[in-house]
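Residue numbers (my numbering), protein chains in the order written: chain A, 6 to 226; chain B, 6 to 226.
Glycine included, each C-beta is placed from N, C-alpha and C at the ideal position.
Computed from a prediction, not measured in an experiment: that's the story for all the values here.
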DNA sequence: CCTAGGTCGATCGTATACTATTTCAGATAT
DNA sequence: ATATCTGAAATAGTATACGATCGACCTAGG
């Protein structure tokens, strides 16, 4: 009853492994061996196994029967799938949330966006990414459909595991991003039609993807 | 190497429990007790536990720490969430699939739709539901984004567990449904813009939901 | 009569031990 | 030289056993 702030060992294992994936300790393709991880975490294999199956369900690792799990390979195609999916669900979540967004939320969102602009000047990409998540969360957390909201969370979750490793910045994208944020807030404030808000939020995310793909292509040639 | 066509016990338990949920043996709210199910399936609790956690990840059961799992309560709200989510992902999947749909697929889809019309005359709702799934699958299976396709499968999956139990037919809906099917096929054949196809497919599903909600309201008063 | 606290049974959570499967190295045959 | 077989090591899969936790009931005190 002292140190064990956590809940149960399965949960702890889950969080532990997940953070090792997101921070890059377990890179793409890394093989997750039950016994090995169990030793590191000082628990038996049973909770570890459960944690890994959970990560599988979330798409962070792939699992093969009688062989084991490995961290999902985050190639460009995976990145594209994830961004497209997130654009879809986040767009809808934003649109569904719009009627429930309070004036206070809008003020908060705008202030976050101001801080993001400051990050651009100081060139603080890590903080920028955090704020970006906060910004969108302020809005989409009001989404009334809990299933869709869950999918949004999973999308961000997955993105966090990918971004750190491979997918860096596209020059100028951040600047345009904050401008699009303001536009989305304007639409919400003006109580624009749901579909218009949805398309705006969707395009906002897809723009990041497309600019990334363009940039990659230009670098290759 | 004889009878055990299945893979491993965990997988068998998963399929077994899932089918019992979908066919109604384990109705909404039914409490899934590890030991009890383990006995029925003649396995130990470990694979059963894993199977249940998997079902939890798919949203078919809810799980509470140290208490256990129970079949998710499929109230009207859940139904609405599921249908809205499916309308979203299926709409996009249909639009993304459209360019990859071959003339042969269109012929097949139209023939399925013809058979659905026949079901209307003979009043064969079970077969109608099957064909409905087939119809949509012929199209959305060509969706190039595997994440979105996976979400579509999960949505249908979930719907299967709900529909059987509570949510019956709305008079006249089936008739309109097959007409909308033809419209969607027309759009695909005419190579309509992706957004147009998406909205059509989305509306098609949402119409089922809205007519259901209307019908419920009218029955109450 | 109502509430606080304690006991007990049911069930979950996890460790340990054993079994099944896969994989790879090395040997043998073609 | 290549292919196939054989066996051992590594690791996943499962069973059993025990400890931990929760919820219901029951008792004591107000």
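9 Å Cβ cutoff met for residue i and residue j
i: residue 121 (chain B); j: residue 145 (chain B); result: no
i: residue 207 (chain B); j: residue 96 (chain B); result: yes
i: residue 66 (chain B); j: residue 26 (chain B); result: yes
i: residue 182 (chain B); j: residue 137 (chain B); result: yes
i: residue 15 (chain A); j: residue 45 (chain A); result: no
i: residue 53 (chain B); j: residue 22 (chain B); result: yes
i: residue 92 (chain B); j: residue 210 (chain B); result: yes
i: residue 214 (chain A); j: residue 115 (chain A); result: no
i: residue 100 (chain A); j: residue 199 (chain A); result: yes
i: residue 98 (chain B); j: residue 157 (chain B); result: yes
i: residue 29 (chain B); j: residue 152 (chain A); result: no
i: residue 218 (chain A); j: residue 81 (chain A); result: yes
i: residue 58 (chain A); j: residue 159 (chain B); result: no
i: residue 38 (chain B); j: residue 94 (chain A); result: no
Contacts that residue i makes with chain B (C-beta to C-beta distance below 7 Å)
i: residue 60 (chain A); result: In chain order: nothing, as chain B lies at least about 10 Å away.
i: residue 70 (chain A); result: 12, 13
Limits of the beta strand (DSSP E) - the one that residue i falls within
i: residue 73 (chain A); result: 73-76
i: residue 66 (chain B); result: 66-69
Close-in-space but distant-in-sequence residues of the same chain around residue i (CB under 7 Å, 5 per side omitted)
i: residue 130 (chain A); result: 174
i: residue 147 (chain A); result: 102, 105, 106
i: residue 186 (chain A); result: 118, 140
i: residue 192 (chain A); result: 201, 202, 205
i: residue 216 (chain A); result: 175, 178
i: residue 9 (chain B); result: Residue placement at residue 9 (chain B) cannot be trusted, given a pLDDT of 43 that sits under 50; the coordinates are not used to answer.
Contact list for residue i against chain A, beta-carbon separation under 8 Å
i: residue 152 (chain B); result: 64, 86, 87, 89, 90
Other residues of its chain near residue i: CB distance less than 6 Å, five sequence neighbours each side excluded
i: residue 110 (chain B); result: 143
i: residue 123 (chain B); result: none
i: residue 48 (chain B); result: 14
i: residue 225 (chain A); result: none
Terminal residues of the alpha helix (DSSP H) in which residue i lies
i: residue 50 (chain B); result: 50-62
i: residue 147 (chain B); result: Run containing residue 147 (chain B): none; DSSP gives neither H nor E here.
i: residue 44 (chain A); result: 39-46
i: residue 94 (chain A); result: 81-102
i: residue 35 (chain A); result: Per DSSP, residue 35 (chain A) belongs to no alpha helix (DSSP H) and is neither H nor E.
i: residue 27 (chain A); result: 14-27
i: residue 107 (chain A); result: Note, residue 107 (chain A): premise wrong, no alpha helix (DSSP H); not H, not E.
i: residue 208 (chain A); result: 199-225
i: residue 195 (chain B); result: Neither: residue 195 (chain B) is in no alpha helix (DSSP H) and is coded neither H nor E.
Close-in-space but distant-in-sequence residues of the same chain around residue i (CB under 8 Å, 5 per side omitted)
i: residue 194 (chain A); result: 111
i: residue 60 (chain B); result: 19, 22, 23, 26, 66, 74
i: residue 125 (chain B); result: 133, 179, 180, 183
i: residue 34 (chain B); result: 75, 76, 78
i: residue 6 (chain A); result: Interpretation of residue 6 (chain A) is limited by its pLDDT of 36, a score under 50 that renders its predicted location unreliable; no figure is taken from the coordinates.
i: residue 5 (chain B); result: There is simply no residue 5 (chain B) to check, as chain B begins at 6 and stops at 226 in what is shown.
i: residue 221 (chain B); result: 81
i: residue 40 (chain B); result: 50
i: residue 223 (chain A); result: none
i: residue 196 (chain B); result: 103, 104
Beta-carbon neighbours of residue i, restricted to chain B and to distances below 9 Å
i: residue 55 (chain A); result: 54, 55, 58
Partners in chain B for residue i, counting only beta-carbon separations shorter than 8 Å
i: residue 228 (chain A); result: Since the first residue shown for chain A is 6 and the last is 226, residue 228 (chain A) is missing from the structure and cannot be characterised.
Proximal residues of chain A, C-beta to C-beta of residue i below 9 Å
i: residue 94 (chain B); result: 90, 93, 94, 156
Near the ligand ZN: residue i beta-carbon under 8 Å from a heavy atom
i: residue 94 (chain B); result: Here there are no bound small molecules, and the ligand ZN is not part of this structure.
If contact is defined by three or more beta carbon pairs under 8 Å, each pair taking one atom from either stretch, is the segment 150-168 of chain A in contact with the segment 78-87 of chain A? yes
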